[in-house]
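Asker: Protein chains in written order, with the numbering used here: chain X, 1 to 378; chain F, 379 to 756.
Each residue gets a CB set at the ideal place from its N, CA and C atoms; glycine is no exception.
No experiment lies behind these values; they were computed from the predicted model shown.
Before I ask anything, here is the structure I am working with.
2 protein chains.
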Amino acid sequence: MKSSVLNQCLDRENKIMHRVFNFSPGPAMLPEAVLVQAQKEFLNWRETGMSVMEIGHRGEMFGEIAEKTEADVRELLSVPANYQILFLPGGAQLQFSLIPMNLLGEKKSADYMNTGIWSKKALDEGNRYGQMNEVGQMSEREGKAFIPPQEEWRLNSAATYLHYTPNETIEGIEFHWVPDSAGVPLVADMTSCIMSRKIDVSQFGVIYAGAQKNLGQAGITLVIVRDDLLGRASPWVPTILNWQTQATHHSLYNTPPTYAWYMMGLVLAWTKKQGGVAEFEKQSQKKSEKLYRYIDEREGFYVNRVHPSCRSRMNIPFSLVDESMTPVFLREAATAGLTYLKGHRLAGGLRASLYNGMPEAGVDALISFMSDFMRRFG
Amino acid sequence: MKSSVLNQCLDRENKIMHRVFNFSPGPAMLPEAVLVQAQKEFLNWRETGMSVMEIGHRGEMFGEIAEKTEADVRELLSVPANYQILFLPGGAQLQFSLIPMNLLGEKKSADYMNTGIWSKKALDEGNRYGQMNEVGQMSEREGKAFIPPQEEWRLNSAATYLHYTPNETIEGIEFHWVPDSAGVPLVADMTSCIMSRKIDVSQFGVIYAGAQKNLGQAGITLVIVRDDLLGRASPWVPTILNWQTQATHHSLYNTPPTYAWYMMGLVLAWTKKQGGVAEFEKQSQKKSEKLYRYIDEREGFYVNRVHPSCRSRMNIPFSLVDESMTPVFLREAATAGLTYLKGHRLAGGLRASLYNGMPEAGVDALISFMSDFMRRFG
Numbered sequence: 001m002k003s004s005v006l007n008q009c010l011d012r013e014n015k016i017m018h019r020v021f022n023f024s025p026g027p028a029m030l031p032e033a034v035l036v037q038a039q040k041e042f043l044n045w046r047e048t049g050m051s052v053m054e055i056g057h058r059g060e061m062f063g064e065i066a067e068k069t070e071a072d073v074r075e076l077l078s079v080p081a082n083y084q085i086l087f088l089p090g091g092a093q094l095q096f097s098l099i100p101m102n103l104l105g106e107k108k109s110a111d112y113m114n115t116g117i118w119s120k121k122a123l124d125e126g127n128r129y130g131q132m133n134e135v136g137q138m139s140e141r142e143g144k145a146f147i148p149p150q151e152e153w154r155l156n157s158a159a160t161y162l163h164y165t166p167n168e169t170i171e172g173i174e175f176h177w178v179p180d181s182a183g184v185p186l187v188a189d190m191t192s193c194i195m196s197r198k199i200d201v202s203q204f205g206v207i208y209a210g211a212q213k214n215l216g217q218a219g220i221t222l223v224i225v226r227d228d229l230l231g232r233a234s235p236w237v238p239t240i241l242n243w244q245t246q247a248t249h250h251s252l253y254n255t256p257p258t259y260a261w262y263m264m265g266l267v268l269a270w271t272k273k274q275g276g277v278a279e280f281e282k283q284s285q286k287k288s289e290k291l292y293r294y295i296d297e298r299e300g301f302y303v304n305r306v307h308p309s310c311r312s313r314m315n316i317p318f319s320l321v322d323e324s325m326t327p328v329f330l331r332e333a334a335t336a337g338l339t340y341l342k343g344h345r346l347a348g349g350l351r352a353s354l355y356n357g358m359p360e361a362g363v364d365a366l367i368s369f370m371s372d373f374m375r376r377f378g
Numbered sequence: 379m380k381s382s383v384l385n386q387c388l389d390r391e392n393k394i395m396h397r398v399f400n401f402s403p404g405p406a407m408l409p410e411a412v413l414v415q416a417q418k419e420f421l422n423w424r425e426t427g428m429s430v431m432e433i434g435h436r437g438e439m440f441g442e443i444a445e446k447t448e449a450d451v452r453e454l455l456s457v458p459a460n461y462q463i464l465f466l467p468g469g470a471q472l473q474f475s476l477i478p479m480n481l482l483g484e485k486k487s488a489d490y491m492n493t494g495i496w497s498k499k500a501l502d503e504g505n506r507y508g509q510m511n512e513v514g515q516m517s518e519r520e521g522k523a524f525i526p527p528q529e530e531w532r533l534n535s536a537a538t539y540l541h542y543t544p545n546e547t548i549e550g551i552e553f554h555w556v557p558d559s560a561g562v563p564l565v566a567d568m569t570s571c572i573m574s575r576k577i578d579v580s581q582f583g584v585i586y587a588g589a590q591k592n593l594g595q596a597g598i599t600l601v602i603v604r605d606d607l608l609g610r611a612s613p614w615v616p617t618i619l620n621w622q623t624q625a626t627h628h629s630l631y632n633t634p635p636t637y638a639w640y641m642m643g644l645v646l647a648w649t650k651k652q653g654g655v656a657e658f659e660k661q662s663q664k665k666s667e668k669l670y671r672y673i674d675e676r677e678g679f680y681v682n683r684v685h686p687s688c689r690s691r692m693n694i695p696f697s698l699v700d701e702s703m704t705p706v707f708l709r710e711a712a713t714a715g716l717t718y719l720k721g722h723r724l725a726g727g728l729r730a731s732l733y734n735g736m737p738e739a740g741v742d743a744l745i746s747f748m749s750d751f752m753r754r755f756g
């Protein structure tokens, strides 16, 4: 049997297969086309007779995957030449430690904006390595969660860096602007929003992102770091987590998570094919607006408590005004093929995550389900 | 089309597919049955309509994978109840830093046996965190590499731990005995030999193993640690790499490398099905003896330079007596479907790695090729 026959067979299966719309905050729904490609070549990548999992990380074969993935990140985000692109093991939380370990040097102090649970976790971990300054916290406007404007932030001009979280998955809060850090290197945890809007990388000192939302599978983290911020690591940083060491070795100092790296490569190739970051900016805008509009127009039944100026396009938390109905909603949604709509345990309620892998049809299906649910219980 | 039709289709394809015998030292050849199963359920795990990559790490579904994997490690290695089993991001080299960070406490000194490149790397990394004592080095006997007997080691009874590497992949050296650390916790890097022979876990304080040889794909590391060695972490250890924190949270403190964890689960289920560690001890013995015997009987053409008392069953380095023929050997072997036989760049020559995923038929094919090669060029 030729590979093309296998492909036809898988194609037929995938047309009929019961795939769900998965609204998980991450590990998240991946583009079906990417999964299908990975499945097809799972045992026999490019007719090598091997799975990508089985090939050595030092050879030409993996080298090609690694270089192509890096080149695609550079192209998709227009990463300037004076930035290194690293592929590191673990997730973003590991970088919560590695940012101070790699950047603080002798200064031992940095600024952190606290807009939610993830930025607060980064701040708390930072405080284990130095004296961190919380420059601000979320406030309220018109009874809704609101990111205070920058003139209210208490920035420290002597800070080693300013850390913030452009998108908070739990509260469903997103910056639609980039803070002006006044020359202090800006460090951004883009785990839950990377590749979903155009950015000007030159505004940042460090961008980092765990892969399991818009970049593939859990277990690998993308770090984009400006050259002049390398070489400042503390003597305590594990060698393989020293950004300088990994930059020098193109992230191949030790065995990297090769399969996760490959999956990121497939996701990025797909991202380019769909039209790149500009296209996903459009899609994210459209998908999230559709759902917010639906919720806002039914405020007596569904409610979102984030101010429109800082609503996340990626994670949309909402509640039933009658919260006792939440378990029924979740059970029936799952039956309808809409999974992982439960809100984070610290936030309660419901949440729909609309990463790049979620097609607009998923949002339509969710709204249709919500309408039906409201009709029956409203 | 029903799943069973897809399965038939994949089964037919896999019968005809050109799979190679992959002698890579790691990432290594995986059991075909494991890859086939992962491929079949790649887009639709247990009829959930999701890939394992897409399911949340906090839910019941992943919880089942996590618990089963842990239970299988415990069963396969008869891990006593007073040992925790952790699944951590990254590979064994990350543990080179984490061992001192998690164990040293105030003492700042430990013992390391240096038997090759990997144990030396662990020692060097250890020295960044304390004053490490090299208890011994490789020696020679009858012109061959030889692990000195323990009475020649310079052990320090005040050491926090004694670290050694039961199998060195580059030199092809293996301990066929367990050092007596006289009450000092014994720490073993079993990356390249775990699950290939019966061990008595109670002889060890810590066992750790990167997954990409006998446990699955790169990007996850198994750590088995005795309860009383937890809770000693230095203030510098990143929170998610603190063994105590991860033990408390069953390795789910943060998003773990879920897919790599799942693959480890499949490999362990397969390991059990084949007959467990005892079976692989037998197979490893048989496969390696066959190849060593073949090489030894042709010493004018092929040569292995390790003393029989400490030859590795997992990694068999050998050379052509006429080393100028090495590139020809490698090229022709690849054409014959025998890949990754090149020795490590620091060792040169050739190397055949015979992990659990390498069937005996692979060794037979290699010997047959070597015979043919010798006939033509000998």
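Our contact map puts residue 522/F next to residue 683/F with C-beta atoms below 8 Å; I'd like the distance itself, whole angstroms only.
Answerer: As a working mapping, residue 522/F is identified with position 144 in the second sequence. As a working mapping, residue 683/F is identified with position 305 in the second sequence. Between residue 683/F and residue 522/F the Cβ distance is about 6 Å, and since that is below 8 Å, they are a contact.
Asker: Determine, for residue 762/F, whether the minimum Cβ-Cβ distance to residues of chain X falls below 7 Å.
Answerer: Shown here, chain F extends from 379 to 756; a query on residue 762/F therefore has no answer.
Asker: Taking contact to mean 3 or more Cβ pairs, one atom from each stretch, closer than 8 Å, check whether the segment 492-499 of chain F and the segment 544-561 of chain F are in contact.
Answerer: Result yes; three or more Cβ-Cβ pairs closer than 8 Å.
Asker: Quick check on DSSP: helix, strand or coil for residue 525/F?
Answerer: For this step, residue 525/F is matched to residue 147 along the second sequence. Here residue 525/F sits in coil by DSSP.
Asker: Mind listing, in chain order, the continuous beta strand (DSSP E) runs of no fewer than 3 residues lying wholly within the segment 456-484 of chain F?
Answerer: Runs of the beta strand (DSSP E) inside the segment 456-484 of chain F: 461-467.
Asker: Between the segment 209-221 of chain X and the segment 251-269 of chain X, do at least 3 Cβ pairs fall closer than 8 Å?
Answerer: Because the criterion of three Cβ pairs below 8 Å is met, the segment 209-221 of chain X and the segment 251-269 of chain X touch.
Asker: Given this structure, state the Cα-to-Cα distance separating residue 233/X from residue 88/X, to the nearest angstrom.
Answerer: On the first sequence, position 233 is the one that residue 233/X refers to. On the first sequence, position 88 is the one that residue 88/X refers to. Approximately 16 Å, taken between the alpha carbons.
Asker: Using a C-beta to C-beta distance shorter than 7 Å, which residues of chain F count as neighbours of residue 212/X?
Answerer: Here the question's residue 212/X lines up with position 212 in the first sequence. Under the 7 Å cutoff, chain F gives 633.
Asker: Using 8 Å as the Cβ pair cut-off and three pairs as the minimum, do the segment 234-241 of chain X and the segment 186-205 of chain X touch?
Answerer: At 8 Å Cβ cutoff, the stretches do not touch.
Asker: List the residues of chain X whose Cβ lies closer than 8 Å to the Cβ of residue 627/F, in chain order.
Answerer: Stepping through the second sequence from its first residue, residue 627/F is reached at position 249. Within chain X, no residue comes near residue 627/F; the closest Cβ sits about 12 Å away, beyond 8 Å.
Asker: Secondary structure at residue 322/X, three-state DSSP: helix, strand or coil?
Answerer: Your numbering for residue 322/X matches position 322 in the first sequence. Residue 322/X: coil per DSSP, three-state reduction.
Asker: Could you pull out every unbroken alpha helix (DSSP H) segment of at least 4 residues lying fully inside the segment 594-659 of chain F, listed in chain order?
Answerer: Fully enclosed alpha helix (DSSP H) runs of 4 or longer: 621-626, 636-652.
Asker: According to DSSP, simplified to helix, strand and coil, what is residue 189/X?
Answerer: For the purposes of this step, residue 189/X is taken as residue 189 along the first sequence, with counting starting at 1. Reduced to three states, the DSSP call for residue 189/X is strand.
Asker: When you check each C-beta in the segment 472-500 of chain F against every C-beta of chain X, which residues fall closer than 8 Å?
Answerer: Listed by position along the chain: 472, 474, 475, 476, 479.
Asker: Report the neighbours of residue 223/X on chain F: residues whose CB is nearer than 8 Å to its CB, in chain order.
Answerer: Residue 223/X sits at position 223 when you count from the first residue of the first sequence. In chain order: nothing, as chain F lies at least about 14 Å away.
Asker: Would you say residue 638/F faces chain X, with C-beta separation under 7 Å as the test?
Answerer: To locate residue 638/F, count along the second sequence from 1; it is residue 260. Yes, because at least one Cβ of chain X sits closer than 7 Å to the Cβ of residue 638/F.
Asker: In three-state terms, what does DSSP make of residue 142/X?
Answerer: Against the first sequence, residue 142/X aligns to sequence position 142. In the structure shown, residue 142/X sits in coil (DSSP, three-state: anything other than H, G, I, E or B).
Asker: Which residues of chain X have a Cβ atom closer than 9 Å to the Cβ of residue 729/F, listed in chain order?
Answerer: Within the second sequence, numbered from 1, the residue matching residue 729/F stands at position 351. In chain order: nothing, as chain X lies at least about 12 Å away.
Asker: So what's residue 385/F in DSSP terms, helix, strand or just coil?
Answerer: Locating residue 385/F in the second sequence gives position 7, where the first residue counts as 1. Residue state, collapsed to three classes: helix.
Asker: Please state if the CB of residue 599/F and the CB of residue 449/F are separated by a distance shorter than 7 Å.
Answerer: The residue you call residue 449/F lines up with position 71 of the second sequence. The residue you call residue 599/F lines up with position 221 of the second sequence. Taking 7 Å as the Cβ cut-off, residue 449/F and residue 599/F do not qualify as a contacting pair.
Asker: Using beta carbons (cut-off 7 Å, strictly below), is residue 188/X in contact with chain F?
Answerer: Start at 1 with the first residue of the first sequence, and residue 188/X comes out as number 188. Not one chain F Cβ lies under 7 Å of residue 188/X.
Asker: First and last residue of the alpha helix (DSSP H) that includes residue 362/X?
Answerer: As a working mapping, residue 362/X is identified with position 362 in the first sequence. Run containing residue 362/X: 360-377, per the alpha helix (DSSP H) assignment.
Asker: According to DSSP, which residues form a beta bridge with residue 163/X?
Answerer: On the first sequence, position 163 is the one that residue 163/X refers to. Residue 163/X pairs with 112/X, 187/X.
Asker: Starting from the Cα of residue 516/F, find the closest Cα among 735/F, 714/F, 685/F, 630/F and give me that residue.
Answerer: By 1-based counting over the second sequence, the position of residue 516/F is 138. Among 735/F, 714/F, 685/F, 630/F, the Cα nearest to that of residue 516/F is on 685/F.
Asker: Rounded to a whole number of angstroms, what is the C-alpha to C-alpha distance between residue 423/F and residue 387/F?
Answerer: Position 45 of the second sequence, counting from 1, holds the residue named residue 423/F. Position 9 of the second sequence, counting from 1, holds the residue named residue 387/F. Taking the straight line joining both Cα atoms gives about 18 Å.
Asker: Indicate whether at least one CB of chain F lies closer than 7 Å to the CB of residue 240/X.
Answerer: Against the first sequence, residue 240/X aligns to sequence position 240. Yes, contact with chain F.
Asker: For residue 89/X, would you say it is in contact with chain F, using Cβ-to-Cβ distances shorter than 7 Å as the test?
Answerer: Against the first sequence, residue 89/X aligns to sequence position 89. Output row for residue 89/X: interface = yes.
Asker: At a CB distance below 8 Å, what residues from the segment 30-54 of chain X approach chain F? Give them in sequence order.
Answerer: Hits within the stretch, in order: 30, 32, 35, 36, 38, 39, 42, 43, 44, 47, 48, 49, 50, 51, 53, 54.
Asker: Flag this pair as yes or no: are the beta carbons of residue 366/X and residue 338/X separated by less than 7 Å?
Answerer: In the first sequence, residue 366/X corresponds to position 366, counting from 1. In the first sequence, residue 338/X corresponds to position 338, counting from 1. Their beta carbons are under 7 Å apart, which means residue 366/X touches residue 338/X by this criterion.
Asker: Sorted by chain position, which residues of the same chain lie with C-beta nearer than 8 Å to residue 133/X's C-beta, five sequence neighbours on each side aside?
Answerer: Sequence index remark: in the first sequence, residue 133/X carries index 133 (1-based). Cβ within range, chain order: 109, 110, 111, 112, 154, 156, 159.
Asker: Under a Cβ-count criterion, where at least 16 other Cβ atoms within 10 Å of its own Cβ denotes burial, should residue 675/F be classed as buried or exposed?
Answerer: Along the second sequence, one-based indexing puts residue 675/F at 297. Residue 675/F comes out exposed.
Asker: Which bits of chain X does residue 398/F rub up against, with CB to CB less than 8 Å?
Answerer: Locating residue 398/F in the second sequence gives position 20, counting from the first residue. The answer, in chain order, is 48, 49, 50.
Asker: Who are the neighbours of residue 163/X on chain F, taking C-beta pairs under 7 Å?
Answerer: Mapped onto the first sequence, residue 163/X falls at position 163. Within chain F, no residue comes near residue 163/X; the closest Cβ sits about 16 Å away, beyond 7 Å.
Asker: Tell me whether residue 750/F is buried or exposed, calling it buried when 16 or more other Cβ atoms sit within 10 Å of its Cβ.
Answerer: Taking the first residue of the second sequence as position 1, residue 750/F is located at position 372. Burial call: exposed.
Asker: In chain order, which beta strand (DSSP E) runs of at least 3 residues are fully inside the segment 667-741 of chain F?
Answerer: Runs of the beta strand (DSSP E) inside the segment 667-741 of chain F: 693-698, 728-731.
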